[in-house]
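**Student:** Before I ask anything, let me first share the structure, which is written out below as structure tokens.
There are 2 protein chains.
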Amino acid sequence: MKKDDLETPALLLDINVLQSNIRMMADYLKDKPVKLRPHAKCHKTPIIAHMQVKAGAKGIAVAKLGEAEVMANAGINDVYIANQVVQQSKLERLAALNEYSTVSVAVDNLTVIETLSKIAVKKNVNVKVIEEIDVGLNRCGVPPGKAAIDLAKKIVQLKGLIFEGVMGWEGHAAFMPDLNKRKEECHRCYKKLVETVNEMRREGIEVNTVAAGGTTSFSIAAEYPGINEINPGSYIFMSLMHRLEGVPFKHSLTVLTTVVSRPTKDRAIIDGGVQTFSTFWSYPKPKDLEGVEVKELHMEHGILKLKDPNIDLRVGDKIEFIPAYPDTTINLHDKFYIVRGENVESVWKIGARGRVD
Amino acid sequence: MKKDDLETPALLLDINVLQSNIRMMADYLKDKPVKLRPHAKCHKTPIIAHMQVKAGAKGIAVAKLGEAEVMANAGINDVYIANQVVQQSKLERLAALNEYSTVSVAVDNLTVIETLSKIAVKKNVNVKVIEEIDVGLNRCGVPPGKAAIDLAKKIVQLKGLIFEGVMGWEGHAAFMPDLNKRKEECHRCYKKLVETVNEMRREGIEVNTVAAGGTTSFSIAAEYPGINEINPGSYIFMSLMHRLEGVPFKHSLTVLTTVVSRPTKDRAIIDGGVQTFSTFWSYPKPKDLEGVEVKELHMEHGILKLKDPNIDLRVGDKIEFIPAYPDTTINLHDKFYIVRGENVESVWKIGARGRVD
């Protein structure tokens, strides 16, 4: 089947670019003492997780317990939930997963940790926990320094739990456009993280994992002494918001649409709106079409503005768009159409779409 | 099961309020010469469509062919796709649907209409078409007046098609906060629509349906002479953006979340972000909680600001939110939890979620 025969809107994944992005990351890390645990919340698709593990990743990270279940069920056996899980019934699901797979979890709250410990003991499993440290994003996590060290001391004493290490996500720093400023702010975050880890070790706590770094900070984190795991996700897709200095990956993800109405010379309507494209951060951009931009996205309509009214765009024509943000765009779709050049090679189900549970 | 036992995030639908909203619309229209064809793109759920039809709706409207397939397969037999369908293979699917159900479609392009005519003749079906007229939204549709009349004349001559009538969606007018201004602008739109219909009729064209009106303009449209069908959708849910003067429905839709982290006195983190809440138009608001607002939504985290740092909000506490916009929030979820008071009564699958095809 040819790309242009697809019914639209359709989420396209260019397999050559995807593989090249995965290889590029693996090559970069080959001789470094840093491991890759890519974030799978962006792709939500077991087959892609398996490709990443085959290329050398030590496991994967996910954002939700539901995603972890999908990945564990698909045979990925080292999954880290980089998020807080607190409900009793969810902690039971988490412990149950650990009966046949290794699924670790981020923690920042002693009551939750104690509950998880009791459940793990009852189920006779050991659950790895990673302490989330707030390095400056101001979201979840315990403050670096004393609070983090005190909590770690308590965790190591609890049965059914393995204190695996720490994570600090420098999300507020990772999108600074200027590479030097980004580096500076990331370093400020990593310093807090690594100093806390050093202190933990001085106090006799074993810290295996020290994780940080996303797609726009992967190399900054990987080259910072003391960090031994990075968690980038979007590098495999590289959408609009990741196009920053020092981020070398190429666009593999696009959305194919069809022009469904041409009411005026300067306006064309496509069959994709906010149920097709995430508007998180910005509108999508046409991939190979100059002089055309998205003016508005309604529910199921995209309104394009044609800067040059002589552009020959007809009802039925196809337009491919690069989405602004992969995670939220992929979550709107049920499947990827895998394309190689103009050919559609396969259809991959997005197995964990919507699994925010 | 109690509401508070649900794993979160969970999409809740209060069945009492849903039924009351449906009844309120039916009561309002009882003695009027206007029919209701509610838009199902907001709920995407056959059982709700059946409730609406049982309450007197003449059929339902949808935004996509994929949604029409779900509804027709669930036994809704008068479905109108209030959107342009242009791809050859999709027009074939549309004609095929008409072999066992009545599925009409909006049109604004002669080439597409001629293609549909040929396909319908070949399949030996008659497809009802509704001409979309651009009454001022500047999206799809033909201009009112001569262009619209000329196209109608051509449609009535084509085999396999039934010219059913016209639709004009006054989307740009329907959200004016001031009721009088909203009325004024809606009337301007309806005037163009009805005058065009009158001219069509003078030229001997039979026009059955003259459709306009959404949740914020349903009564303005229903009371405008010449309009005989309204297409509101969100009235059954009534989310934040529909809270305008003259819109009497109550909130039936909420999202239940859990506090997963309490890092500081003035900050709480919930387990719902932009994969749980649509940010289209605005952030969600807590339903029964004063002094707490959504400060940021990340992918899977919601960051709440506590105006009063003495609010006793703990890890594990549940918070219910009213989403800003139902259509795009529901599209992120796979099911409704049907609640009556504090009890969870049923789980309804959102059958057409993601069916943008």
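As they're listed, the protein sequences go chains V and G. Read the first sequence against this note's numbering and you will find it ends at 405, with the numbers running on by one and no gaps. Read the second sequence against this note's numbering and you will find it ends at 405, with the numbers running on by one and no gaps. Even for Gly, the Cβ is constructed at its ideal location relative to N, Cα and C.
In chain G, which residues lie with their C-beta within 9 Å of the C-beta of Ser137 of chain V?
**Tutor:** Chain G residues near Ser137 of chain V: Asp53 and Glu55.
**Student:** Taking a contact to mean a Cβ-Cβ separation below 8 Å, would you say Val416 of chain V touches Arg310 of chain V in this structure?
**Tutor:** Because chain V is modelled from 49 through 405, residue 416 of chain V falls outside the range shown and cannot be assessed.
**Student:** Pull up the CB-CB distance for Glu180 of chain V and Ala154 of chain V, whole angstroms please, since I reckon it's below 8 Å.
**Tutor:** Confirmed, Cβ separation roughly 4 Å.
**Student:** Rounded to the nearest angstrom, what separates Asp483 of chain V and Leu292 of chain V at their Cα positions?
**Tutor:** One cannot answer for residue 483 of chain V here, as it falls past the ends of chain V, which runs 49 to 405.
**Student:** Ends of the beta strand (DSSP E) at Met215 of chain V?
**Tutor:** That run of the beta strand (DSSP E) goes Leu209 to Met215.
**Student:** Quick one: list the residues of chain V neighbouring Phe211 of chain G, beta-carbon separation under 7 Å, in chain order.
**Tutor:** Under the 7 Å cutoff, chain V gives no residues; its nearest Cβ is about 19 Å from Phe211 of chain G.
**Student:** Ignoring anything shorter than 4 residues or poking outside the stretch 156 to 201 of chain V, list the alpha helix (DSSP H) runs there in chain order.
**Tutor:** Here the runs fully enclosed are 158 to 171.
**Student:** Determine the direct distance from the alpha carbon of Gly262 of chain V to that of Lys102 of chain V, and round the result to whole angstroms.
**Tutor:** If I take the Cα positions, the gap works out to 20 Å.
**Student:** Terminal residues of the continuous beta strand (DSSP E) containing Glu344 of chain V?
**Tutor:** Per DSSP, Glu344 of chain V belongs to the beta strand (DSSP E) from Val340 to Leu345.
**Student:** Helix, strand or coil for Lys310 of chain G per DSSP?
**Tutor:** Here residue 310 of chain G turns out to be Arg, not Lys, going by the sequence shown. Reduced to three states, the DSSP call for Arg310 of chain G is strand.
**Student:** Is there contact here, the stretch 229 to 237 of chain G with the stretch 251 to 268 of chain G, by at least three beta-carbon pairs under 8 Å?
**Tutor:** Touching, per the Cβ criterion.
**Student:** Alpha carbon to alpha carbon, how far is Ala105 of chain V from Lys298 of chain G?
**Tutor:** In a straight line, the C-alpha of Ala105 of chain V is about 50 Å away from that of Lys298 of chain G.
**Student:** So, helix, strand or coil for Ser267 of chain G, using DSSP?
**Tutor:** Here Ser267 of chain G sits in helix by DSSP.
**Student:** Between the stretch 375 to 389 of chain V and the stretch 58 to 65 of chain V, do three or more beta carbon pairs fall short of 8 Å?
**Tutor:** As far as the Cβ criterion goes, the stretch 375 to 389 of chain V touches the stretch 58 to 65 of chain V, which means the pair count is three or higher.
**Student:** Suppose contacts are defined by Cβ-Cβ distances below 8 Å. Is Ala143 of chain G in contact with Ala168 of chain G by that definition?
**Tutor:** Contact: yes.
**Student:** What are the residues that DSSP puts in a beta bridge with Gln132 of chain G?
**Tutor:** According to DSSP, which records beta bridges pairwise, Gln132 of chain G is partnered with G:Ala154.
**Student:** Using only the alpha-carbon positions, how far apart do Tyr118 of chain G and Leu352 of chain V sit?
**Tutor:** With the sequence shown as reference, residue 118 of chain G is identified as Val, and Tyr is not the correct amino acid for it. Straight-line Cα distance between these residues: approximately 29 Å.
**Student:** Would you give the residue range spanned by the beta strand (DSSP E) that Asp62 of chain V belongs to?
**Tutor:** Its beta strand (DSSP E) spans residues Ala58 to Asp62.
**Student:** Could you work out which residues of chain G lie near Met347 of chain V, taking near to mean beta carbons separated by less than 8 Å?
**Tutor:** Within chain G, the residues near Met347 of chain V are Lys89, Ala111, Asp375 and Thr376.
**Student:** Kindly indicate the opening and closing residues of the alpha helix (DSSP H) around Val387 of chain G.
**Tutor:** No alpha helix (DSSP H) contains Val387 of chain G, which is instead part of the beta strand (DSSP E) from Lys383 to Arg388.
**Student:** What residues in the stretch 320 to 337 of chain V bring their beta carbon closer than 9 Å to a beta carbon of chain G?
**Tutor:** Residues Gly320, Gly321, Val322, Gln323, Thr324, Ser326, Thr327 and Phe328.
**Student:** Residues of chain V with CB closer than 9 Å to the CB of Ile70 of chain G, please, in chain order.
**Tutor:** In chain order: nothing, as chain V lies at least about 21 Å away.
**Student:** Using 8 Å as the threshold, is the C-beta distance between Glu424 of chain G and Lys335 of chain G below it?
**Tutor:** Here chain G covers residues 49 to 405 and nothing more, so residue 424 of chain G does not appear.
**Student:** Smallest Cα separation from Thr302 of chain V: which of V:Lys240, V:Ile178 and V:Phe325?
**Tutor:** Of V:Lys240, V:Ile178 and V:Phe325, the residue nearest in Cα terms is V:Phe325.
**Student:** Where do the ends of the beta strand (DSSP E) carrying Ala111 of chain G lie?
**Tutor:** Ala111 of chain G -> no beta strand (DSSP E), and no H or E assigned at all.
**Student:** Taking 8 Å as the CB-CB limit, is Arg187 of chain V close to chain G?
**Tutor:** With 8 Å as the cut-off, Arg187 of chain V counts as an interface residue toward chain G.
**Student:** Across which residues does DSSP place Trp396 of chain G in a beta bridge pair?
**Tutor:** For Trp396 of chain G, which the question treats as bridged, DSSP gives the partners G:Phe384.
**Student:** DSSP three-state call for Val101 of chain G: helix, strand or coil?
**Tutor:** Helix, per DSSP.
**Student:** Verify the CB distance criterion: does Thr150 of chain V have a CB-CB separation below 8 Å to chain G?
**Tutor:** Not closer than 8 Å to any Cβ of chain G, the Cβ of Thr150 of chain V fails to qualify, so no.
**Student:** Could you say which of G:Lys83, G:Val322, G:Thr163 and G:Arg187 lies nearest to Lys207 of chain G if we only look at CA atoms?
**Tutor:** With distances taken between Cα atoms, Lys207 of chain G lies closest to G:Thr163.
**Student:** Drop a sphere of 10 angstroms on the beta-carbon of Arg236 of chain V, count the other beta-carbons inside from all chains shown, and report buried for 16 or more, exposed for fewer.
**Tutor:** It is exposed - the Cβ of Arg236 of chain V has fewer than 16 other Cβ atoms within 10 Å.
**Student:** Does the stretch 276 to 283 of chain V come close enough to the stretch 80 to 96 of chain V that 3 or more CB-CB pairs lie under 8 Å?
**Tutor:** As far as the Cβ criterion goes, the stretch 80 to 96 of chain V touches the stretch 276 to 283 of chain V, which means the pair count is three or higher.
**Student:** Residue range of the alpha helix (DSSP H) that Ile378 of chain V falls in?
**Tutor:** Its alpha helix (DSSP H) spans residues Pro374 to Ile378.
**Student:** Measuring alpha carbon to alpha carbon, tell me which of G:Ala221, G:Cys90, G:Val134 and G:Pro192 ends up nearest Leu54 of chain V.
**Tutor:** Considering only alpha carbons, the answer is G:Val134.
**Student:** Classify Asn256 of chain V as buried or exposed, calling it buried when 16 or more other Cβ atoms lie within 10 Å of its own Cβ.
**Tutor:** Exposed, because fewer than 16 other Cβ atoms sit within 10 Å of the Cβ of Asn256 of chain V.
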